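K.L.:
The numbering of the sequence shown is our numbering, which starts it at 1092 and goes up by one.
Ideal Cβ placement from N, Cα and C applies to all residues, glycine included.
Computed from a predicted model, the values in this text were never measured in an experiment.
Supplied in structure tokens, the structure appears directly below.
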Amino acid sequence: MLHEGDFRVGDVLSVACPFTPTRVERGVTWNEVSVRWPWWRVDPDSDFVRWNGIVALGVDGGGRVPPEAEAELFRTDPPPEQLEAGDVCRVGVPPTVVHVTAVDHHDPPLETGWLPRPVLTVAVLRRGLSYREFPDGSHLDGTGYGIHPGDGTPFTFELLMRPYAFLRPGDEVADAAGRAWRFGGPWAWSAFDGAGPGAGPAWPLVLLTRAGAPCSPADAQAVAAGTVSGSHQETVRRWMSLTDASPTP
């Protein structure tokens, strides 16, 4: 199980939310169904957003599927095509494999019009979807669907894979080919020699610094043990087999 604040870009997760009774408010259009949200409360102190308690969920209405429907995690039971305004239904997230494309912390908490105010936004894409499949003009901008862990929605998260779990963004390492690198994330490697990343760092890796300071023996051992076998490319291939997607640059 994943802690609510413990998310990193590149994480592969199984996310779920128990189906909860609610009511359809505006019927179903070609690309969305609007329901009374069962987990949030209206924020009476919001100065900028007046939320009415309703959330519109993207749905596949046939024909060309809009980006928001492709990225949507929540489902209704019964499905949208069987619902009309006023119907009672359930809303939730069946266990769904996703990968994390962005993590944003909010201090102060984000003013959204509902309570609790989010302190964290995690953008995810469902299995089979890559950032490049979303047009540049889409409001999703390739990052996918934003969720707010800890905002009252009873999400559960299972971590399936964290590429380079033994490294932290900002770490500096030396690889087996004699090149030095800065780790900005599993798909964000910067070589100190200025050359392109090519096939990525050659394993095994040696941790040089952490947070700008010499690393501890324990941290160095963890990195060495994590890269004693395998390769960067094998890590990428395993990640792609779980996500059926391309890494997000």
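1. Could you tell me the distance, in whole angstroms, from the CA atom of Asp-1198 to the CA atom of Val-1191?
2. Grab the span of the beta strand (DSSP E) containing Ser-1105 for me, first residue to last.
3. Could you please give the first and the last residue of the uninterrupted alpha helix (DSSP H) stretch that includes Thr-1326?
4. As a quick exercise: from Val-1115, Thr-1113, Trp-1330, Glu-1202, pick the residue whose alpha carbon is nearest that of Leu-1250.
5. Considering only the beta carbon of each residue, do Thr-1318 and Trp-1294 sit closer than 7 Å?
6. Whose C-alpha, out of Leu-1148, Gln-1312, Leu-1220, Arg-1132, is nearest the C-alpha of Leu-1206?
7. Grab the span of the alpha helix (DSSP H) containing Pro-1308 for me, first residue to last.
8. Please report the distance separating the alpha-carbon of Ala-1193 from that of Asn-1143.
9. I'd like to check one pair, Arg-1217 with Ala-1334: are the Cβ atoms closer than 7 Å?
10. Considering only the alpha carbon of each residue, which of Val-1140, Leu-1148, Val-1184, Phe-1098 lies closest to Phe-1246?
P.N.:
In this structure, then:
1. Taking the CA atoms as reference points, Asp-1198 sits about 21 Å from Val-1191.
2. Looking at the DSSP string, the run of the beta strand (DSSP E) that includes Ser-1105 is 1103-1119.
3. For Thr-1326, the uninterrupted alpha helix (DSSP H) run begins and ends at 1323-1334, by DSSP.
4. A check of alpha carbon separations from Leu-1250 across Val-1115, Thr-1113, Trp-1330, Glu-1202 identifies Trp-1330 as the nearest.
5. For the 7 Å CB-CB criterion, Thr-1318 and Trp-1294 form a contact.
6. The residue from Leu-1148, Gln-1312, Leu-1220, Arg-1132 with its alpha-carbon nearest to that of Leu-1206 is Arg-1132.
7. Pro-1308 -> alpha helix (DSSP H) spans 1308-1317.
8. For Ala-1193 and Asn-1143, the distance between alpha carbons rounds to 28 Å.
9. The sequence as given places Thr at residue 1334; Ala does not occur at that position. Contact flag unset, no.
10. Measuring from the Cα of Phe-1246, the nearest candidate turns out to be Val-1184.
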